[in-house]
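Trainee: Please read through the structure below; I'll follow up with questions.
2 protein chains.
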Amino acid sequence: MPGVRESKKEATRARIAEAGLRLFLERGYGTTTLDDIAAAAGISRRTFFYYFRSKDDVLLAWHGAGALSSALPAAMLEQSPQQAPLRAARRCLLALASQYETDESRAMDTLMRSSPVLAARKDTTEIGMERHLTDAMSTLWPDPERRTELRLAAMMAIGTLRLALDDWRTDPSVAPLADHLERHFDALSQQLGPH
Amino acid sequence: MPGVRESKKEATRARIAEAGLRLFLERGYGTTTLDDIAAAAGISRRTFFYYFRSKDDVLLAWHGAGALSSALPAAMLEQSPQQAPLRAARRCLLALASQYETDESRAMDTLMRSSPVLAARKDTTEIGMERHLTDAMSTLWPDPERRTELRLAAMMAIGTLRLALDDWRTDPSVAPLADHLERHFDALSQQLGPH
DNA sequence: CAGGAAATCGCACTGAGTGTAACATTCCAA
DNA sequence: TTGGAATGTTACACTCAGTGCGATTTCCTG
Numbered sequence: 013m014p015g016v017r018e019s020k021k022e023a024t025r026a027r028i029a030e031a032g033l034r035l036f037l038e039r040g041y042g043t044t045t046l047d048d049i050a051a052a053a054g055i056s057r058r059t060f061f062y063y064f065r066s067k068d069d070v071l072l073a074w075h076g077a078g079a080l081s082s083a084l085p086a087a088m089l090e091q092s093p094q095q096a097p098l099r100a101a102r103r104c105l106l107a108l109a110s111q112y113e114t115d116e117s118r119a120m121d122t123l124m125r126s127s128p129v130l131a132a133r134k135d136t137t138e139i140g141m142e143r144h145l146t147d148a149m150s151t152l153w154p155d156p157e158r159r160t161e162l163r164l165a166a167m168m169a170i171g172t173l174r175l176a177l178d179d180w181r182t183d184p185s186v187a188p189l190a191d192h193l194e195r196h197f198d199a200l201s202q203q204l205g206p207h
Numbered sequence: 013m014p015g016v017r018e019s020k021k022e023a024t025r026a027r028i029a030e031a032g033l034r035l036f037l038e039r040g041y042g043t044t045t046l047d048d049i050a051a052a053a054g055i056s057r058r059t060f061f062y063y064f065r066s067k068d069d070v071l072l073a074w075h076g077a078g079a080l081s082s083a084l085p086a087a088m089l090e091q092s093p094q095q096a097p098l099r100a101a102r103r104c105l106l107a108l109a110s111q112y113e114t115d116e117s118r119a120m121d122t123l124m125r126s127s128p129v130l131a132a133r134k135d136t137t138e139i140g141m142e143r144h145l146t147d148a149m150s151t152l153w154p155d156p157e158r159r160t161e162l163r164l165a166a167m168m169a170i171g172t173l174r175l176a177l178d179d180w181r182t183d184p185s186v187a188p189l190a191d192h193l194e195r196h197f198d199a200l201s202q203q204l205g206p207h
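If you read the sequences in order, they're chains Z and W.
Oh and the first sequence: position 11 is 23 in the working numbering, straight run, nothing missing.
Oh and the second sequence: position 6 is 18 in the working numbering, straight run, nothing missing.
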């Protein structure tokens with residue numbers, strides 16, 4: 013039942029991703045060729061494209077498998093629908109922030125900035141998280157009338173996280189991340205004070 | 013004083029951009045080669061790279077020269093510092109929305125979605141507008157204590173615009189854009205109602 | 001007009017990504 | 001168990017984006 017084929021394929025894919033990430037961190041993204049990765053993973057250059065669409069997909073796959081993109085929607089589903097959506101998103105992000113605060117994340121972020129194309133795709137990934145978050149919210153508050161509200165809440169939550177992460181990336185004195193993120197959310201709440 | 017060199021250079025660059033955009037719209041981005049563009053612009057393939065860093069820079073240049081990226085900061089500088097930053101940004105965007113509501117914009121957006129790399133760089137451009145907006149805001153409200161407030165306001169304003177534009181792109185019944193955008197801003201204001 | 005700077009070009013090269021066809025492995029059903 | 005069918009793997013040849021370099025032309029300035 014395990015399926016020899018499936019487990020082999022999974023292992024090969026993991027081996028390629030691992031080799032790619034390691035080489036990217038060692039030599040840099042631009043100076044690592046697909047031939048290098050293929051050789052390190054023990055496959056042919058052509059086979060690389062059987063597993064990954066492109067070179068940057070190796071990076072993106074890591075990002076996509078990261079804590080937030082999977083854990084955030086899951087955490088949202090456990091929230092109470094009694095509270096406001098933005099409040100719920102805030103809770104989730106604060107709970108998950110510490111998981112993101114690793115040296116590995118910092119190294120990956122640095123890597124993502126080494127090429128304009130990579131940086132751009134990272135932005136897209138972050139904006140894609142808005143969708144995932146919105147979808148998760150939709151199961152808690154299924155009323156289609158509130159759809160816009162949910163999209164806006166997700167936009168603000170992810171955007172706030174992004175700004176807090178920007179600081180954390182560039183300023184080493186910003187720590188712990190969760191505290192900084194909370195300050196940002198507080199500042200956000202005050203924005204719309206006087207109606 | 014006009015400078016033969018400068019005006020020639022400017023004209024050449026414009027000719028390349030024009031040829032590229034036209035070919036992209038006619039044949040699609042992927043099926044247009046740099047040789048095609050160079051031939052249409054009457055230059056050599058090598059000279060293309062003297063004017064543009066890459067193929068997608070032709071698209072990005074158009075986007076960068078678009079209404080918002082230059083007009084938005086300018087409009088912000090004319091706002092009164094008496095109002096709240098987010099309120100000011102809202103006014104600017106509503107005033108500029110109609111300029112963005114063109115068939116050309118729609119065609120360009122479609123083009124940008126024809127390749128994941130292009131779509132990604134478009135997202136980056138939009139996020140970059142947050143910075144431009146924040147910078148413009150900083151001259152109106154120079155207090156460094158309010159820096160975070162300004163960044164959050166810019167994030168919300170651009171994000172709201174992005175969501176409204178997404179609807180406008182996909183749903184032809186969303187018109188005029190300004191009205192739709194205003195509804196989004198209203199929904200945004202209500203998010204943080206009960207403190 | 002001389003000389004330098006800026007623009008243009010050709011050529012050869014690297015590297016990403018694709019099409020294709022052949023070959024190997026795993027799976028499933030008779 | 002065996003004979004395909006489906007899936008995985010590879011080599012080869014190709015297109016195209018982007019770079020390095022050096023030669024040549026065009027423009028500006030003294």
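In this text, a Cβ means the ideal position worked out from N, Cα and C, and glycines have one as well.
Can you name, in chain order, every residue of its own chain whose Cβ lies under 6 angstroms from the Cβ of W:Gln111, other than the five neighbours on each side?
Mentor: Ala79
Trainee: If the cut is a Cβ gap below 9 angstroms, which residues of chain Z does W:His144 touch?
Mentor: Residues of chain Z passing the Cβ test: none, with the nearest at roughly 15 angstroms.
Trainee: For Z:Arg17, which residues from the same chain have a beta carbon less than 8 angstroms from its beta carbon, with the 5 sequence-adjacent residues on both sides left out?
Mentor: none
Trainee: Out of Z:Asp48, Z:Leu105, Z:Ala109 and Z:Ala53, which one is the CA nearest neighbour of Z:Pro188?
Mentor: Z:Ala109
Trainee: In this structure, how does DSSP classify Z:Ala16 when only helix, strand and coil are distinguished?
Mentor: Contrary to the premise, residue 16 of chain Z reads as Val rather than Ala in this sequence. If DSSP states are grouped into helix, strand and coil, Z:Val16 belongs with the helices.
Trainee: Does Z:Gln95 have its Cβ less than 8 angstroms from a Cβ in chain W?
Mentor: no
Trainee: If Z:Ala148 sits next to Z:Leu89, beta carbons under 8 angstroms apart, how far is it from one beta carbon to the other, in whole angstroms?
Mentor: 6 angstroms
Trainee: Of the choices Z:Lys134, Z:Leu98 and Z:Arg102, whose alpha-carbon is the least far from that of Z:Trp153?
Mentor: Z:Leu98
Trainee: Can the beta-carbon of Z:Gly40 be found closer than 8 angstroms to that of Z:Val70?
Mentor: no
Trainee: Against chain Z, does W:Glu161 count as a neighbour if the rule is that its beta carbon must be under 8 angstroms from one of theirs?
Mentor: yes
Trainee: Against chain W, does Z:Met167 count as a neighbour if the rule is that its beta carbon must be under 8 angstroms from one of theirs?
Mentor: yes
Trainee: Where does W:Phe208 fall in DSSP's three states?
Mentor: Chain W is shown only over 13 to 207; residue 208 of chain W falls outside these bounds and no answer can be derived.
Trainee: Check the Cβ-Cβ distances between W:Arg58 and every residue of chain Z, and say whether any is below 8 angstroms.
Mentor: no
Trainee: Spatial neighbours of Z:Asp47 within its chain, please: C-beta separation below 8 angstroms, excluding the five flanking residues on both sides.
Mentor: Arg57
Trainee: Indicate whether at least one CB of chain Z lies closer than 8 angstroms to the CB of W:Gln111.
Mentor: With 8 angstroms as the cut-off, W:Gln111 does not count as an interface residue toward chain Z.
Trainee: Nearest to W:Gly140 by CA position, among W:Leu84, W:Leu35, W:Lys67 and W:Ser92, is which residue?
Mentor: W:Leu84
Trainee: Give me the chain W residues within the contact set of Z:Asp135, using Cβ-Cβ distance strictly less than 8 angstroms, ordered along the chain.
Mentor: Ala132, Asp135, Thr136 and Ile139
Trainee: Is it buried or exposed for W:Met42, if we count other Cβ within 10 angstroms and need 16 for buried?
Mentor: Reading off the sequence shown, one finds Gly at residue 42 of chain W, where the question assumed Met. With fewer than 16 Cβ atoms within 10 Å of its Cβ, W:Gly42 is classed as exposed.
Trainee: Answer with yes or no whether the minimum CB distance from Z:His196 to chain W is below 8 angstroms.
Mentor: yes
Trainee: Ignore the nearest five residues each way along the sequence and tell me which others in Z:Phe60's own chain have a CB closer than 6 angstroms to its CB.
Mentor: For Z:Phe60, where only same-chain residues beyond five positions count, the Cβ hits under 6 angstroms are Leu46 and Ala50.
Trainee: Kindly list the residues whose CB is nearer than 7 angstroms to the CB of Z:Cys104, restricted to its own chain and excluding five residues on each side of it in sequence; keep chain order.
Mentor: Leu84, Ala87, Met88 and Gln91
Trainee: Tell me where the alpha helix (DSSP H) around W:Gln203 begins and ends.
Mentor: Leu189 to Gln203
Trainee: Taking W:Glu215 as part of the alpha helix (DSSP H), name the residues at either end of that continuous run.
Mentor: Outside the displayed span of chain W (13 to 207) sits residue 215 of chain W, for which this structure offers no information.
Trainee: Could you say which of W:Arg102, W:Ser66, W:Ser201 and W:Leu35 lies nearest to W:Ala53 if we only look at CA atoms?
Mentor: Nearest of W:Arg102, W:Ser66, W:Ser201 and W:Leu35 to W:Ala53, Cα basis: W:Leu35.
Trainee: List the residues of chain Z that W:Ala199 touches, going by C-beta distances under 7 angstroms, in chain order.
Mentor: Close to W:Ala199, with beta-carbon spacing below 7 angstroms, are these residues of chain Z in chain order: Thr160, Glu161 and Leu164.
Trainee: Could you tell me the alpha carbon to alpha carbon distance between W:Ser127 and Z:Tyr62, rounded to whole angstroms?
Mentor: 20 angstroms
Trainee: Counting along the chain, where does the alpha helix (DSSP H) carrying W:Trp180 start and finish?
Mentor: Arg159 to Thr182
Trainee: Write down the C-beta distance between Z:Leu175 and W:Arg163 rounded to the nearest angstrom, noting that I regard them as a contact closer than 8 angstroms.
Mentor: 5 angstroms
Trainee: Of all the alpha helix (DSSP H) runs that stay within the bounds of the segment 16-100 of chain W, which reach a length of 4 or more residues?
Mentor: 16-39, 46-53, 57-63, 67-76 and 79-89
Trainee: Give me the residue from Z:Trp180, Z:Gln95 and Z:Ala131 with the minimum Cα distance to Z:Thr114.
Mentor: Z:Trp180
Trainee: Under 9 angstroms between beta-carbons, which chain Z residues line up against W:Gln203? List them in chain order, please.
Mentor: Ala96, Pro97, Leu98, Glu161, Leu164, Ala165, Met168 and Leu204
Trainee: Just how far apart, CA to CA, sit W:Ala96 and W:Thr24?
Mentor: 44 angstroms
Trainee: Tell whether a beta-carbon distance below 8 angstroms holds between W:Thr160 and Z:Ala199.
Mentor: Between W:Thr160 and Z:Ala199, the C-beta spacing is below 8 angstroms.
Trainee: Would you give the residue range spanned by the alpha helix (DSSP H) that W:Asp147 belongs to?
Mentor: Pro128 to Leu152
Trainee: Quick one: which chain W residues come within Cβ less than 7 angstroms of Z:Leu123?
Mentor: What Z:Leu123 touches in chain W: nothing, since even the nearest Cβ is about 16 angstroms away.
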